[in-house]
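Novice: I have a structure here, written as structure tokens, and I will follow up with some questions on it.
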Amino acid sequence: MPATSMSHAPLLSARNVNKSFGRRADRRQVLFDVSADVFPGECLAVIGGSGSGKSTLTRIMLGLETADSGTVAYAGDDIRRESGLVFQDPFSSLDPRWRVGRSVAEPLRIQRRDLSRDEIDARAAAALRTVGLDPAVFLGRYPIDLSGGQAQRVAIARAIVNEPRVILADEPMSAIDVAARIQILDAFAAIRETRRETALVMVSHDLGVVRHIADRILVLHDGRVEECGSTDAVLGNPQSAYTRELIAAASL
Amino acid sequence: MSVEVRGLHVTIGGKAIVRGVDLGVADGERVGLVGSSGSGKSMMSRAIMGLLPANARVSGSIMVGDRQVVGAPDAALADLRGRYMGMVFQNPGSSLNPVMTVARQVALPLRLHYDLTKTERLDRVRAMIAKVGLPDDVLGKYPHQLSGGQQQRVGIATALITSPRFIIADEPTTALDSIVQRQIVDLLVSLVDDAGASMLFITHDFAVLARATTRCYVLDDGAIADFGDTAALLKHPTTPEAANLVSAARTLSLNASTLVAGNGDKAGGASALSAEGAGSRGETGGAHTQPPQHQ
Chain Y
1 MPATSMSHAP LLSARNVNKS FGRRADRRQV LFDVSADVFP GECLAVIGGS GSGKSTLTRI
61 MLGLETADSG TVAYAGDDIR RESGLVFQDP FSSLDPRWRV GRSVAEPLRI QRRDLSRDEI
121 DARAAAALRT VGLDPAVFLG RYPIDLSGGQ AQRVAIARAI VNEPRVILAD EPMSAIDVAA
181 RIQILDAFAA IRETRRETAL VMVSHDLGVV RHIADRILVL HDGRVEECGS TDAVLGNPQS
241 AYTRELIAAA SL
Chain Z
1001 MSVEVRGLHV TIGGKAIVRG VDLGVADGER VGLVGSSGSG KSMMSRAIMG LLPANARVSG
1061 SIMVGDRQVV GAPDAALADL RGRYMGMVFQ NPGSSLNPVM TVARQVALPL RLHYDLTKTE
1121 RLDRVRAMIA KVGLPDDVLG KYPHQLSGGQ QQRVGIATAL ITSPRFIIAD EPTTALDSIV
1181 QRQIVDLLVS LVDDAGASML FITHDFAVLA RATTRCYVLD DGAIADFGDT AALLKHPTTP
1241 EAANLVSAAR TLSLNASTLV AGNGDKAGGA SALSAEGAGS RGETGGAHTQ PPQHQ
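See below:
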């Protein structure tokens, strides 16, 4: 997959991005001249510890945050309409008063006023099936009746319902128990099989999790790119001490 | 200090959360309690600490040293916790008081349970902060000025400042990134061993358990599904519940063989994941994880 994707032009391309937060004495730079590409159909894992800048970088690439300097190019129309987002804690990202069906359909109800109600319902049901949840069982449930793994898959269904060109998943498995993480990985694998042009950017601190899904890995450390390469290369022949430390931390 | 739990039942609002658990931690031993969310792990830890909600109905026996926790009056429990037990929680950001400096936070258990002069307290706090690997200048800082890993070090210092004989660590590393996780587990293990204390380490992650404990219990739906030597269970889990947790931990960890073999085709890797299926027990309600479609 990487070989074919890499021959395309990148879908997203960040160049020399710098970003600081806070002001005056509290000012802290979190990204230093970071460049990164995301190709159509690939899964790029952005890996690093807390405070490495991985969330900030990916949020800037998805247009959710602005860079202080540097550029982000998107080979499409409107990244905000053409992207789907998955966050760490599914219970705080789903409205507790809404049934699953309404949450999943929300992006379509807002963006696709041309679709009939039946068509919207059908697409929401299809999105749930893709992530391994039976619509007949789950459409009518409230978040409180879901396990963490189920709730996160609902959030993933919502992220894919408007057929985005890129999905950003920021630590989608950190808040989920180990046994249920497998189901989340399965859901992402199913999306990649059914929508081969959709790019997936996965932010994580855990190499053990992303090795199952990532084509390429970008390692960030203290706001700088430590290394970037194919999953096999980064895991099999790490170029930096920090990457080796990440590998040791993910080893059983 | 030893802990013996016998025939423990905890019912809350008519729902049986813990159903007849027997569990033992010997003096100086590090024991794990592992289970998925909802298996009753946290209620077990709250029961042992005597911190169950007021509407909980408890039967059975929990002996901490020579004291019975079940049915003990609040004052006796507070004394037991303060002098003999240390607790490390999952989220240090919310278990530390945001308006207390690190020095005051760590000194608090000493102020509440021991009669020491201010100087004596500060000396002990300084020594403890050094033991958990933090620089002296964190003493005057507030929790929000610390990283997650530093906060958890402060949480450990607070738990250990009274030299407790028994430590309960409830998912102490779950909120931390993977490198810091390992550092915190190693720190906790070495401090507990140095003190000759015993520890019950609660987690959903077998990989963490293997590093922190020598023996463990697998909790499933409020009952002990399996127990034994941690390393042996990791190699040969004997029950489906244990196998489920072990296979998830193995799938999500790196080891020499996966690195040598390389990852190959990602889609193929992912389907192996489904087949191991590991984890995916049938969904409550009858839905099942659909394996990815292959061409």
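If you're matching them up, the sequences are chains Y and Z in order. Those letters in the first sequence? Residues 1 to 252, per the working numbering, in order. Those letters in the second sequence? Residues 1001 to 1295, per the working numbering, in order. In this text, a Cβ means the ideal position worked out from N, Cα and C, and glycines have one as well. These numbers were taken from a predicted model, which means no experiment stands behind them.
What are the boundary residues of the alpha helix (DSSP H) that K1131(Z) is part of?
Specialist: Unbroken alpha helix (DSSP H) run through K1131(Z): K1118 to K1131.
Novice: Check whether the Cβ of G1223(Z) lies closer than 8 Å to any Cβ atom in chain Y.
Specialist: Looking at the sequence shown, residue 1223(Z) is not Gly but Ala. Not an interface residue.
Novice: Going by the DSSP bridge assignment, what does H221(Y) pair with across the sheet?
Specialist: In the DSSP output, where bridge partners are listed per residue, H221(Y) has R224(Y).
Novice: Under 8 Å Cβ to Cβ from V1246(Z), same chain only, skipping five residues before and after it: list those, please.
Specialist: Answer for V1246(Z): F1206, L1233, L1234 and P1237, listed in chain order.
Novice: Mind the definition here: the region 5-25 of chain Y touches the region 184-194 of chain Y only if three or more C-beta pairs lie below 8 Å; say whether that holds.
Specialist: The region 5-25 of chain Y vs the region 184-194 of chain Y: no contact.
Novice: Using only CA atoms, which one of H1113(Z), L1096(Z), I1184(Z) and G1065(Z) lies nearest to K1131(Z)?
Specialist: Per the Cα distances, I1184(Z).
Novice: If contact is defined by three or more beta carbon pairs under 8 Å, each pair taking one atom from either stretch, is the region 1083-1090 of chain Z in contact with the region 1152-1170 of chain Z?
Specialist: In short, these stretches touch, since the Cβ pair count reaches three.
Novice: According to DSSP, simplified to helix, strand and coil, what is T1230(Z)?
Specialist: T1230(Z) falls in the helix class under three-state DSSP.
Novice: Establish whether the CB of H1236(Z) and some CB of chain Y are separated by less than 8 Å.
Specialist: Chain Y contact via Cβ: absent.
Novice: Give the secondary structure of K19(Y) by DSSP, where H, G and I count as helix, E and B as strand, and everything else as coil.
Specialist: Correct three-state label for K19(Y): strand.
Novice: Count the other CB atoms within 10 Å of the CB of Q183(Y); is the residue buried (16 or more) or exposed (fewer)?
Specialist: Buried: at least 16 other Cβ atoms inside 10 Å.
Novice: Between G236(Y) and the rest of its own chain, which residues show a CB-CB distance below 7 Å, the 5 nearest in sequence each way excluded?
Specialist: Result list for G236(Y): empty, nothing under 7 Å.
Novice: Does the CB of V1189(Z) have a neighbour CB from chain Y at under 8 Å?
Specialist: V1189(Z) does not count as touching chain Y.
Novice: Return the chain-ordered list of same chain residues with a C-beta closer than 8 Å to the C-beta of S1198(Z), the five sequence neighbours on each side being excluded.
Specialist: For S1198(Z), where only same-chain residues beyond five positions count, the Cβ hits under 8 Å are M1001, S1002, V1003, V1025, A1026, D1027, G1028, E1029, R1030, V1031, R1165, F1166, I1167 and V1192.
Novice: Can you pull out the residues from the region 1002-1019 of chain Z whose beta carbon lies closer than 8 Å to at least one beta carbon of chain Y?
Specialist: Cβ contacts with chain Y: none found.
Novice: For a cutoff of 8 Å on Cβ pairs, would you count I1202(Z) as touching chain Y?
Specialist: No, no contact with chain Y.
Novice: Listing by chain order, which chain Y residues have their CB less than 7 Å from the CB of I1179(Z)?
Specialist: Chain Y residues near I1179(Z): G49, E245, L246 and A249.
Novice: With a Cβ-Cβ cutoff of 8 Å, do R158(Y) and E106(Y) count as a contact?
Specialist: Closer than 8 Å, so yes.
Novice: Taking 8 Å as the threshold (C-beta atoms), are A127(Y) and V104(Y) in contact?
Specialist: Closer than 8 Å, so yes.
Novice: Less than 8 Å between the CB atoms is what I'm expecting for R1083(Z) and A1223(Z), so what's the real figure, rounded?
Specialist: The Cβ separation is near 32 Å, so there is no contact.
Novice: Three-state secondary structure (DSSP) at Y1084(Z)?
Specialist: DSSP places Y1084(Z) in helix when its eight states are reduced to three.
Novice: So what does DSSP say about E1029(Z), is it helix, strand or coil?
Specialist: DSSP places E1029(Z) in coil when its eight states are reduced to three.
Novice: Under DSSP, the beta strand (DSSP E) around Y1217(Z) begins and ends at which residues?
Specialist: R1215 to D1220 is the span of the beta strand (DSSP E), which, as asked, contains Y1217(Z).
Novice: Any idea which residues DSSP pairs H1009(Z) with across the strands?
Specialist: Looking at the DSSP assignment, H1009(Z) forms a beta bridge with R1019(Z) and S1059(Z).
Novice: Output needed in chain order: residues of the region 206-232 of chain Y with a Cβ under 7 Å from some Cβ in chain Z.
Specialist: Residues D206, L207, G208, V209, R211, H212, I213, D215, T231 and D232.
Novice: DSSP three-state label for Q88(Y), please.
Specialist: Of the three classes helix, strand and coil, the one that applies to Q88(Y) here is coil, per DSSP.
Novice: Does D1186(Z) come within less than 8 Å of chain Y when only Cβ atoms are used?
Specialist: No - not a single Cβ of chain Y is within 8 Å of the one on D1186(Z).
Novice: Our contact map puts P164(Y) next to S83(Y) with C-beta atoms below 8 Å; I'd like the distance itself, whole angstroms only.
Specialist: Right, the Cβ-Cβ distance comes to about 5 Å (below 8 Å), so this counts as a contact.
Novice: Distance cutoff 8 Å, beta carbons only. Does L57(Y) sit that close to anything in chain Z?
Specialist: No, its Cβ sits nowhere closer than 8 Å to a Cβ of chain Z.
Novice: For E171(Y), which of helix, strand or coil comes out of DSSP?
Specialist: Note: E171(Y) maps to coil in three-state DSSP.
Novice: Can you find a C-beta in chain Y that's less than 8 Å from the C-beta of N1255(Z)?
Specialist: Closer than 8 Å to some Cβ of chain Y, the Cβ of N1255(Z) qualifies, so yes.
Novice: Going by DSSP, name the residue or residues bridged to T1203(Z).
Specialist: The partner list for T1203(Z) (beta bridge, DSSP) reads V1034(Z).
Novice: Using C-beta distances below 7 Å, list every residue in its chain close to F91(Y), excluding the 5 sequence neighbours before and after it, in chain order.
Specialist: Same-chain partners within the cutoff: P143 and A151.
Novice: Which value, in whole angstroms, describes the spacing of the CA atoms of T1174(Z) and F1227(Z)?
Specialist: Distance between the alpha carbons of T1174(Z) and F1227(Z) is about 22 Å.
Novice: Between which two residues does the alpha helix (DSSP H) holding Y1142(Z) run?
Specialist: Here Y1142(Z) belongs to no alpha helix (DSSP H), and DSSP marks it neither H nor E.
Novice: Using CA coordinates, which residue listed in L185(Y), G76(Y) and S35(Y) is at the minimum distance from I60(Y)?
Specialist: Residue S35(Y) is the option with its Cα nearest to I60(Y).
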